[in-house]
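Residue numbers (the numbering used here), protein chains in the order written: chain C, 1 to 269; chain G, 1 to 446. Written below as structure tokens is the structure these notes are about.
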Amino acid sequence: MNRSIIISSVLHLVLIMITALSLPFLAKKPIDLPPIVSVELIQITDKTNIPFAPKAKKIIEKIKEKEKKLVSEQAPPKKVKKIKPDSVPMPDDKVKKVEKIKEDKQNPEKIDDEVKQVSEFEKKELFDPNNIAALIDKSKIETSETSKKTDKITQDQQKSIESIGLSLSEEDALKAQIFGCWSIPLGLPYNENLLVRIKLQLNPDGTISQSEILDHVRMNKPGQGFYKVLAESALRAIKLCQPLRVPTTGYERWKELQLNFDAREMLEG
Amino acid sequence: MNKYLTLFLILLIPTNSFALIEVDITRGNLNPLPIAVSPLSIDNESKQNFEKILKKKNIGSEISLVIENNLKISGLFNPLNKDAFLQAPDIANLKPRFEDWNLIKAQALITGKVSFVNEKLRVEFRLWDVLAGKEMMALAFTTVPNNWRRVGHIITDKVYERLTGEKGYFDTRIIYVAEEGPKTKRIKKLAIMDQDGANNKFLTLGNELVLTPRFNPTSQMVTYLSYFRNLPRVYLLDIETGIQEVVGDFPGMTFAPRFSPDGKKIIMSFAKDGNSEIYTMDLENRIVEKITNHPSIDTSPSYSPDGKYICFNSDRSGYQQIYVMKSDGSNVKRISFGKGLYGTPVWSPRGDLIAFTKLHKGKFYIGVMRTDGKGERLLTENFYQEAPSWSPNGRVLIFYRETKTDTKGEGFSAKLWSIDLTGYNERLVNTPTDASDPSWSSLLSN
């Protein structure tokens, strides 16, 4: 009896021991939640404001050195002696300074800077008011020279231009103006002579002082009623268009003008 | 000796001589001419008298509206809005202030006066050139008050002729076939109206089928085809008197009788001996003369205005094409060579063009070509349209156009349309019913 009690108690003790030892392993691990990461939404700018990493800086410098080497492999440009514009009166020191800057720019070592896009601000840094003044003065001389030249041409060729009449552009301008004003009477018989010649006396501002239909006798001929209609439409066009787009110069040339209105081309289609 | 020396020296003096500059203007614009139609002025007494007779409050304004509408539908004029007018009608008629009219961009101005004289309507009008500041025309008409619309048309004709150089077409009428009822059971009556659609009248009752009415170019006489007891019969109708006359019964299919330019003959096609040929009939002695003699089908003859030539259509080449021959039937010449079928040729009153209907790739076109067949121009295209008729001045064509029926067999209509030679001025001509087969009269005031 005692023996069995002892065995039972020993076995119970063993069970209790096993349970006590294994229970901590059976328990579940608590859920490990990741910490909340806060993200700030910012506007992405065109340029980064992050400083170069020292490593990256080194790589960039290396590339730059390579580029320098490549540029130096090219033959250096010839140093062109700056020709001083003889007509520009300037203090000597300033002129020298300008020359120096220009020479520096032509230096191949500086090409690196030119490869970088030169902004308008950088250009402005090169702005020299004296240089501009020089350019203006030079242009003045140039224009005066060219005007002298053109004056020479007009003096030589004036007579031929006068005999030619209006230049092509002057004639085209006048034609285009009258085209817009002339409402062609559509009922005209297109197989007839539809030419109306009108002689004009013009004022210098292009207004008409006098107009004359050159073939006015035809207006009263029997069977020529359409000619009257055509002539009147041409006169209306001239009146509607005035002042005419005549050249601003050479009034003597165009103070008398003959306009030949021909409707045939339009009516025949 | 000294004299000669002086003369010689004078000749040596340089002179500035300039050749006259010439500029050729070969182009212009084809925009409608801006024109101001001032209401015709009327005194109070005349106004009251006309109101009693015509039931119109201001007959002066009504006449000016007729003129304005005519000018507008011609497509060649742009009548300006009356609200912009600065000068009162009565003062403008006496002496227009041209600066005021110039200001609103008017190039021409119509003024006038209406008065009641001896129970009659007296209308005087003036046409002014605004830019030149001068009077171009002044006329006066006296008529019975009921003719007030015609006075408006006559004034428009005068203005049109003075400003465009060709005769007008406003004092004219249009005869047509008025159609009513479903497509399968159409009632067709002869109807007549002014060219602007006013004064519409029916001339027949619709008991018999009527077809292809045509005006006599010299008088207000009409010829048309009607089926009497299922036999085609050609009639003459005097519009002024209303007297109707049977020209004759013709066998088989008879088509489109048309007057000769002098109005003394009728030309038509009918099938005698089983073949359709072109015949003429002298209206005085009723003698019928055969003009064509060919085994093919020859139809739709139309005289040239001088009466020397006839255009017609024939399938003698295998397809329906337009031919021209001398009025005695000799010298037959094909003039249409384009793709498609050509029909209903009509010679222009000006003599320079032939209008036609063309069928090509399932579409109908109204077009014109020169009398030698060159210069073909298609003016308008549609599902179905035909039968062009010229205005008396040869500028505008009137024709009819049908619309398609839908799947239920509904939606069919036939309407009159007009188009001018530019092809841009296409207009619907208002008729109280459906309409087909129009024919334009000559000028009534010839």
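Heads up, the beta-carbon is just placed ideally off N, CA and C, and yes, glycines get one too. Because the structure is a prediction, the values reported are computed rather than measured.
Spatial neighbours of residue i in its chain, beta-carbon cut-off 6 Å, leaving aside the 5 residues before and after
i	result
LYS84 (chain C)	At LYS84 (chain C), the pLDDT of 46 sits below 50, so the modelled position is not reliable; the number obtained from the coordinates is stated separately. Cβ within range, chain order: n/a, list empty.
GLU161 (chain G)	LYS167 and GLY168
THR218 (chain G)	GLY263
VAL37 (chain G)	SER64, ILE67, GLU68, PRO79 and ILE110
LEU472 (chain G)	Coverage of chain G is limited to positions 1 through 446, which leaves residue 472 (chain G) absent and any answer about it impossible.
GLU245 (chain G)	LEU236
LYS189 (chain G)	ALA178, PHE202, THR204 and GLY206
LYS358 (chain G)	GLY340, TYR342, TYR365 and GLY367
ILE213 (chain C)	ILE198 and ALA231
LEU200 (chain C)	ILE208, SER211 and LEU257
LEU378 (chain G)	TYR365 and GLY367
Selection from the options that minimises the alpha carbon distance to residue i
i	options	result
MET266 (chain C)	G:VAL23, G:LEU33, G:GLY28 and G:MET221	G:GLY28
TRP390 (chain G)	G:GLU381, G:ASN382, G:THR422 and G:ILE354	G:ILE354
ARG401 (chain G)	G:TYR365, G:LEU54 and G:SER304	G:TYR365
ILE208 (chain C)	C:HIS216, C:LEU259 and C:LEU186	C:LEU259
ASP306 (chain G)	G:ASP352, G:ILE287 and G:ASP420	G:ASP352
ASN331 (chain G)	G:GLY340, G:ILE291 and G:ILE297	G:ILE291
TRP347 (chain G)	G:ASN393, G:LYS339 and G:GLY362	G:ASN393
ALA191 (chain G)	G:PRO213, G:PHE141 and G:GLY362	G:PRO213
GLY248 (chain G)	G:PRO232, G:GLU376, G:GLY242 and G:LEU127	G:PRO232
ALA132 (chain G)	G:ALA106, G:THR156 and G:THR143	G:ALA106
Interface partners of residue i on chain G, CB under 8 Å
i	result
MET266 (chain C)	THR26, ARG27, GLY28 and LEU30
ASP262 (chain C)	ASP24, ILE25 and THR26
GLU232 (chain C)	ASP129, ALA132 and MET136
GLY225 (chain C)	GLY165
Backbone CA spacing between residue i and residue j [nearest angstrom]
i	j	result
GLY168 (chain G)	ILE239 (chain G)	22 Å
CYS311 (chain G)	ILE187 (chain G)	31 Å
GLN195 (chain G)	LEU188 (chain C)	23 Å
ALA263 (chain C)	LYS228 (chain C)	13 Å
VAL159 (chain G)	VAL66 (chain G)	13 Å
VAL324 (chain G)	LYS55 (chain G)	52 Å
THR433 (chain G)	ILE91 (chain G)	43 Å
PRO79 (chain G)	ILE63 (chain G)	14 Å
TYR319 (chain G)	PHE337 (chain G)	10 Å
SER211 (chain C)	LEU20 (chain G)	14 Å
GLY165 (chain C)	MET219 (chain C)	29 Å
GLU170 (chain C)	PRO247 (chain C)	6 Å
SER226 (chain G)	TYR235 (chain G)	7 Å
PHE250 (chain G)	THR299 (chain G)	15 Å
LEU237 (chain G)	VAL210 (chain G)	13 Å
LYS134 (chain G)	MET369 (chain G)	40 Å
SER441 (chain G)	ASN216 (chain G)	7 Å
ASP273 (chain G)	ASN230 (chain G)	19 Å
GLY423 (chain G)	PHE226 (chain C)	23 Å
THR143 (chain C)	THR249 (chain C)	Confidence at THR143 (chain C) is low in this model, with a pLDDT of 45, below 50, so its placement is unreliable and no value can be given for it.
ILE5 (chain C)	ILE18 (chain C)	20 Å
ASP205 (chain C)	ALA237 (chain C)	18 Å
LEU397 (chain G)	ARG173 (chain G)	13 Å
CYS181 (chain C)	ASN31 (chain G)	10 Å
GLY242 (chain G)	GLU426 (chain G)	33 Å
7 Å Cβ cut-off: residues of chain G touching residue i
i	result
PRO185 (chain C)	LEU163, THR164 and GLY165
GLU171 (chain C)	VAL23
LYS175 (chain C)	VAL23 and ILE25
VAL217 (chain C)	Ordered by position in chain G, no residue passes the 7 Å Cβ test against VAL217 (chain C), which lies about 18 Å from the chain.
Listed by chain order, chain C residues near residue i by CB distance under 7 Å
i	result
LEU131 (chain G)	ARG236, LYS239 and LEU240
LEU76 (chain G)	LEU186
Contacts of residue i in chain C (Cβ-Cβ under 8 Å)
i	result
ILE21 (chain G)	GLY165, LEU166, ARG253, TRP254, GLU256, LEU257 and GLN258
GLN107 (chain G)	SER183, ARG236 and LEU240
LEU80 (chain G)	None at all; the shortest Cβ gap to chain C is about 14 Å.
ARG33 (chain G)	It is Leu, not Arg, that sits at residue 33 (chain G) in the sequence shown. Neighbours of LEU33 (chain G) on chain C, chain order: SER183.
Proximal residues to residue i (C-beta, below 8 Å), its chain only, five neighbours per side dropped
i	result
LYS265 (chain G)	PHE259, THR280, MET281, ASP282 and LEU283
GLN177 (chain C)	CYS241, LEU244 and ARG245
ILE287 (chain G)	MET281
ASN147 (chain G)	LEU121
Cβ distance (whole Å) where residue i is taken to contact residue j below 8 Å
i	j	result
VAL123 (chain G)	LEU40 (chain G)	7 Å
GLY165 (chain G)	LEU230 (chain C)	7 Å
SER436 (chain G)	ALA414 (chain G)	5 Å
PHE77 (chain G)	ILE35 (chain G)	5 Å
Proximal residues to residue i (C-beta, below 7 Å), its chain only, five neighbours per side dropped
i	result
GLN117 (chain C)	Since pLDDT at GLN117 (chain C) reaches only 43, below the 50 mark, its modelled position is unreliable, and the value read off the structure follows with that caveat. There are no such residues.
Amino acids of chain G, ordered along the chain, whose beta-carbon sits closer than 9 Å to that of residue i
i	result
GLY180 (chain C)	GLY28 and ASN29
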